[in-house]
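Note sheet for the following structure.
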Amino acid sequence: MKEIKKVCVAGGGQMGKQIALCAAINGFDVWITDTLPQVAEKLQPWAEEYLAGRVAKGKLTQEAAAAADARFHVASSLEEAAEGADLVIEAILEDQQIKEDFFRKVSALVSEDTIIATNSSFMASSLFVHCVTNPARLANFHYFNPALVMKLIEVVQGPHTSQDTIDSLIAFAKANGKTPIWVKKEIEGFIANRIAKAVSVEAFWLAEQGYATPQDIDTAVENGLNYPLGPFKLLDFAGIDIAFNTRKREYEATGKKSVGYDLLEAKVKAGKLGRKTGKGFYEYHK
Ligand SMILES: NC(=O)c1ccc[n+]([C@@H]2O[C@H](COP(=O)([O-])OP(=O)(O)OC[C@H]3O[C@@H](n4cnc5c(N)ncnc54)[C@H](O)[C@@H]3O)[C@@H](O)[C@H]2O)c1
190 MKEIKKVCVA GGGQMGKQIA LCAAINGFDV WITDTLPQVA EKLQPWAEEY LAGRVAKGKL
250 TQEAAAAADA RFHVASSLEE AAEGADLVIE AILEDQQIKE DFFRKVSALV SEDTIIATNS
310 SFMASSLFVH CVTNPARLAN FHYFNPALVM KLIEVVQGPH TSQDTIDSLI AFAKANGKTP
370 IWVKKEIEGF IANRIAKAVS VEAFWLAEQG YATPQDIDTA VENGLNYPLG PFKLLDFAGI
430 DIAFNTRKRE YEATGKKSVG YDLLEAKVKA GKLGRKTGKG FYEYHK
């Protein structure tokens, strides 16, 4: 198994920053990078504020917080972040072309045995096999939002992924205090999101057919099935654009619009992307 000490996280958005800080808290040397300077410059203050909050709540000692802070580095370029990395976690935009460009670039920067993992919500790592040398070290490593809190990580083995890569990622997930599962065969969307999607398809159908409002459907799922969040609230939380982009790719590939396509497209066009824009299926006030 590969020993992981230095971790490079690409993308300092909702997921990447939490993935990076989680690893820093758990003793890894982390270097995070984002192509947008206005995102990158907020990462260190954000990490410090989060760590201070944990200390105030008695969840971390002052020493542990200071050590985590010292291990959390914001790099000014991918070159700097990837230098000597044992593991690269890609958490950039959910766009195949952007990810392909990223994998080509990072593959040329790191050594042949650096593990390269994608946190994509739906895209299997096979899509990127042609972008990296030695694809035996390429896999999906799928966190859930918020990554500092949620326990599950899906470790997905493509036909190209070596068992050693899977074992190393499972060990890394456990060292981060997570509960990994091994998805033995690649499938788009993996396990949890496929199940969530099946629920969401039914919920959209019921809403579109006028059986109940999205809000009442959420109330039914939360109070009748004990799900912590209904499907529409979950979409607001994760970002409606992410769900829409997946359906759009499906539509482009099959020519068939999935249930809820038009409703999601209308939300995206109106800039109602969920929590991050303050409006989605619900309204959010800071
Ligand atoms: N949001 C979720 O609930 C969730 C859950 C699990 C997985 N994911 C996946 O994680 C990935 C990131 O999602 P997110 O919600 O954090 O998105 P986000 O939009 O919040 O953040 C993405 C960040 O990547 C940066 N970026 C774009 N290209 C880059 C590059 N080449 N190098 C470095 N940074 C780059 C952007 O500037 C942005 O800050 C996506 O693939 C998404 O499917 C998201």
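Under our numbering, the letters of the sequence shown match residues 190 to 475, in that order. Every residue gets a Cβ at the ideal spot worked out from N, C-alpha and C, and that includes glycine.
Nearest-angstrom beta carbon gap, residue j and residue i [assumed within contact, 8 Å]
i, j, result
"Pro420", "Asp407", "7 Å"
"Leu424", "Phe470", "7 Å"
"Ser315", "Val390", "Rounded, the Cβ-Cβ distance is 24 Å, inconsistent with contact."
"Gly378", "Phe311", "5 Å"
"Asn334", "Ala427", "6 Å"
"Lys458", "Ile429", "About 11 Å; that fails the 8 Å criterion."
Chain-order list of residues whose beta-carbon lies under 6 Å from that of residue i (same chain, five-residue window excluded)
i, result
"Ala306", "Ile278, Ala328, Phe330"
"Gln251", "Val244"
Minimum C-alpha distance to residue i - residue among the options
i, options, result
"Ile304", "Lys195, Asp284, Leu282", "Lys195"
"Val219", "Val244, Gln227, Gln207, Glu230", "Gln207"
"Val321", "Ser296, Asn365, Ala229", "Ser296"
"Cys211", "Asp353, Tyr239, Ala229, Ile359", "Tyr239"
"Ser265", "Met312, Gly242, Gly200, Leu462", "Gly200"
"Leu462", "Lys446, Asn382, Ile431", "Ile431"
"Val388", "Ala409, Pro369, Ile221, Val338", "Ala409"
"Lys340", "Ala241, Asp258, Gly399, Thr368", "Thr368"
"Val338", "Ile221, Ala255, Ile214, Thr466", "Ile214"
"Ala259", "Ile221, Leu225, Gly205, Leu453", "Ile221"
Buried or exposed (CB count within 10 angstroms, at least 16 for buried), residue i
i, result
"His262", "buried"
"Tyr473", "exposed"
"Arg326", "buried"
"Lys248", "exposed"
"Asn365", "buried"
"Ser357", "buried"
"Tyr332", "buried"
"Leu232", "buried"
"Asp223", "buried"
"Leu384", "Position check: residue 384 holds Ile in this sequence, whereas Leu was assumed. Label assigned to Ile384: exposed."
Own chain, CB closer than 8 Å to residue i, minus 5 neighbours either side, in chain order
i, result
"Leu298", "Leu267, Glu268, Ala271, Glu272"
"Asp275", "Lys191, Glu192, Ile193, Lys194, Lys195, Val196, Thr303, Ile304"
"Thr402", "Ala396"
"Ile370", "Leu341, Ile342, Glu343, Val344, Ile380"
Spatial neighbours of residue i in its chain, beta-carbon cut-off 7 Å, leaving aside the 5 residues before and after
i, result
"Lys294", "Leu267"
Below-8 Å beta-carbon distance, residue i vs any chain D residue
i, result
"Ala245", "Protein chains in the displayed structure number just one, and chain D is not present."
Three CB pairs or more closer than 8 Å across the stretch 270–285 and the stretch 417–437:
Per the Cβ contact rule, the stretch 270–285 is in contact with the stretch 417–437 (3 or more Cβ pairs under 8 Å).
Is it true that the stretch 332–347 meets the stretch 356–375, where meeting means three or more beta-carbon pairs spaced less than 8 Å apart?
The way I'd put it, the stretch 332–347 does touch the stretch 356–375; three or more beta-carbon pairs between them come closer than 8 Å.
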